[in-house]
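To start, the structure under review is shown below, and the notes come after it.
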Amino acid sequence: MSESKIAIFIPAYNAAYTLPVVLDRIPPEIKEKVRQIFVIDNASPDNTYLIGIGYRQAKGLDKLEVFRNESNRGYGGSQKIAYRYAIDNGFDIVVMLHGDAQYAPEKIPALLEPLELGQADMVFGSRIAGLPLEGGMPIYKFLGNKFLTWIQNRVLGMDLSEFHSGFRLFSCAALAKLPFDLCADDYHFDTDIILQFKIKGLRIKEMPIPTYYGKEKCGVNVISYGLNVLKSTLHYWLWSKGLIKAEKFTACLRP
Numbered sequence: 048m049s050e051s052k053i054a055i056f057i058p059a060y061n062a063a064y065t066l067p068v069v070l071d072r073i074p075p076e077i078k079e080k081v082r083q084i085f086v087i088d089n090a091s092p093d094n095t096y097l098i099g100i101g102y103r104q105a106k107g108l109d110k111l112e113v114f115r116n117e118s119n120r121g122y123g124g125s126q127k128i129a130y131r132y133a134i135d136n137g138f139d140i141v142v143m144l145h146g147d148a149q150y151a152p153e154k155i156p157a158l159l160e161p162l163e164l165g166q167a168d169m170v171f172g173s174r175i176a177g178l179p180l181e182g183g184m185p186i187y188k189f190l191g192n193k194f195l196t197w198i199q200n201r202v203l204g205m206d207l208s209e210f211h212s213g214f215r216l217f218s219c220a221a222l223a224k225l226p227f228d229l230c231a232d233d234y235h236f237d238t239d240i241i242l243q244f245k246i247k248g249l250r251i252k253e254m255p256i257p258t259y260y261g262k263e264k265c266g267v268n269v270i271s272y273g274l275n276v277l278k279s280t281l282h283y284w285l286w287s288k289g290l291i292k293a294e295k296f297t298a299c300l301r302p
């Protein structure tokens with residue numbers, strides 16, 4: 048079996064302080080193994096982009112590429128750009144590692160294994176399967192995550208420990224089968240793409256990861272996010288019953 052061509056994608060927004068921390072923590076063997084690490088700075092008003100460029104030069108990390116959206120494309124919008132880039136450049140696997148240092152880069156080797164062995168099409172690190180409260184997850188986020196996940200599992204007939212982790216790894220061959228450009232540009236892109244994976248019958252595997260919440264600011268409005276997640280889940284249910292049309296789901300049924 049030939050070695051997989053792997054890329055690490057780091058979505059970043061106002062991550063001037065945390066981006067170097069995230070890059071430093073990527074295990075040396077992973078930095079050696081992957082073909083490219085690319086940052087997409089989502090039009091941050093701080094100097095995230097310049098920090099990324101400076102890191103590349105200071106560390107001599109030629110595998111690091113730093114891109115900047117001229118306007119804020121949204122969290123989901125940045126993912127669309129990243130996954131299209133990964134597919135177009137012939138990568139086999141793309142790892143999404145947030146630039147805010149809330150997810151542990153040290154877990155990348157373990158999370159990669161199911162994809163490299165052909166056992167999954169998507170892998171995500173589950174905080175809920177770990178010890179999220181010990182890692183500083185605010186209680187309202189923990190309860191909100193559990194509540195939303197319970198509803199989604201009931202509606203969708205799935206059995207995930209959470210739907211809301213941003214530490215995700217994808218087979219690019221699987222992504223190429225999906226109309227992910229029709230998913231939301233906002234944070235509930237993460238829910239939309241799970242729904243597309245379900246429709247396509249693609250394999251999702253979750254693995255426990257540690258949780259870390261520090262002083263970094265979160266740009267997610269939890270109320271708006273929760274309502275959007277519920278709305279997207281409801282749309283899927285109505286679509287699955289033939290009660291509404293939804294192109295982002297219907298397109299998954301086409302070859």
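With this note's numbering, the residue at position 49 of the sequence shown is 96, and numbering never jumps.
Positions of the beta carbon are idealized from the N, C-alpha and C atoms, including for glycine.
> Given M48, which residues of its chain have a CB within under 8 Å of its CB, disregarding the five upstream and five downstream residues?
Replying inline: The residue given as residue 48 occupies position 1 in the sequence shown. With a pLDDT of only 49 at M48, under the threshold of 50, the placement of this residue in the model should not be trusted, and no figure is reported.
> Which partner residues of M254 appear in the DSSP bridge assignment?
Replying inline: Here residue 254 is taken as the residue at index 207 of the sequence shown, counted from 1. Looking at the DSSP assignment, M254 forms a beta bridge with G172.
> How big is the Cα-Cα spacing for D174 and T258?
Replying inline: In the sequence shown, counting from the first residue as 1, residue 174 sits at position 127. In the sequence shown, counting from the first residue as 1, residue 258 sits at position 211. For clarity, residue 174 is Arg in the given sequence; the question names Asp instead. Going by the C-alpha atoms only, they are around 6 Å apart.
> Taking Cβ to Cβ, would you say M155 is nearer than 8 Å to I77?
Replying inline: Working through the sequence shown from its first residue, we reach residue 155 at position 108. Working through the sequence shown from its first residue, we reach residue 77 at position 30. Here residue 155 is Ile; the residue named in the question, Met, does not match the sequence. For I155 and I77, yes; Cβs fall inside 8 Å.
> Grouping DSSP H, G and I as helix and E and B as strand, with all else coil, what is D88?
Replying inline: Residue mapping note: residue 88 aligns to position 41 of the sequence shown, counting from 1. The answer is strand: DSSP assigns D88 an E or B state.
> At what residues does the alpha helix (DSSP H) containing L274 begin and finish?
Replying inline: What you label residue 274 is simply residue 227 of the sequence shown in a count that begins at 1. Note, L274: alpha helix (DSSP H), 269–287.
>> Helix, strand or coil for E112? Go by DSSP, reduced to three states.
In response: Stepping through the sequence shown from its first residue, residue 112 is reached at position 65. E112 falls in the strand class under three-state DSSP.
> Excluding five sequence neighbours on each side, which residues of the same chain lie with their C-beta closer than 6 Å to the C-beta of D88?
Replying inline: Residue mapping note: residue 88 aligns to position 41 of the sequence shown, counting from 1. Cβ neighbours of D88 beyond the five flanking positions: A59, T95, Y96, R115.
> Over what stretch of residues does the alpha helix (DSSP H) that includes P161 continue unbroken?
Replying inline: Position 114 of the sequence shown holds residue 161. Run containing P161: 155–163, per the alpha helix (DSSP H) assignment.
> Can you name the residues that DSSP bridges to V11?
Replying inline: Limits of the chain in this structure are 48 at one end and 302 at the other, which puts residue 11 out of reach.
> According to DSSP, is T65 helix, strand or coil?
Replying inline: Within the sequence shown, the letter at position 18 stands for residue 65. Coil, per DSSP.
>> At the level of alpha carbons, what is the spacing between M143 and F194?
In response: To locate residue 143, count along the sequence shown from 1; it is residue 96. To locate residue 194, count along the sequence shown from 1; it is residue 147. Cα to Cα, the separation comes out at about 25 Å.
>> Going by DSSP, what residue range makes up the alpha helix (DSSP H) through G177?
In response: Counted from its first residue, the sequence shown places residue 177 at position 130. No alpha helix (DSSP H) contains G177, which DSSP labels as neither H nor E.
> Considering only residues of the same chain and omitting the five flanking positions on each side of I240, which have a CB-CB separation below 6 Å?
Replying inline: As a first step, residue 240 is located in the sequence shown; it is residue number 193 there, counting from the start. Cβ neighbours of I240 beyond the five flanking positions: F227, C230.
>> Here's the rule: buried if 16 or more other CB atoms are within 10 angstroms of the residue's CB, otherwise exposed. What is S212?
In response: If you number the sequence shown from 1, residue 212 lands on position 165. Under this definition S212 is a buried residue.
> Per DSSP, what kind of secondary structure is Q83 in: helix, strand or coil?
Replying inline: Reading the sequence shown from its first residue, position 36 is the one you call residue 83. It is a strand residue.
>> For L274 and R72, what's the separation of their Cα atoms in angstroms?
In response: Within the sequence shown, the letter at position 227 stands for residue 274. Within the sequence shown, the letter at position 25 stands for residue 72. Looking at the two C-alpha atoms, the distance is approximately 34 Å.
> Considering R201, what are the terminal residues of the alpha helix (DSSP H) in which it resides?
Replying inline: Residue mapping note: residue 201 aligns to position 154 of the sequence shown, counting from 1. Where R201 is concerned, the enclosing alpha helix (DSSP H) stretches over 186–203.
>> According to DSSP, simplified to helix, strand and coil, what is A59?
In response: As a position in the sequence shown, residue 59 is number 12, starting the count at 1. Three-state result, A59: strand.
>> So, for A221: in the same chain, excluding its five sequence neighbours on each side, which residues have a beta-carbon less than 6 Å away from its beta-carbon?
In response: Sequence index remark: in the sequence shown, residue 221 carries index 174 (1-based). Excluding residues within five positions, the ones whose Cβ falls inside 6 Å are D168, L249.
> For T196, does the count of other Cβ atoms within 10 angstroms reach 16, so buried, or fall short, so exposed?
Replying inline: The residue given as residue 196 occupies position 149 in the sequence shown. Counting the other CB atoms within 10 Å of its CB gives T196 a total of 16 or more, which places it among the buried residues.
>> Quick check on the DSSP output: the alpha helix (DSSP H) that includes R301 runs from which residue to which?
In response: As a position in the sequence shown, residue 301 is number 254, starting the count at 1. Element bounds for R301: n/a, residue is neither H nor E.
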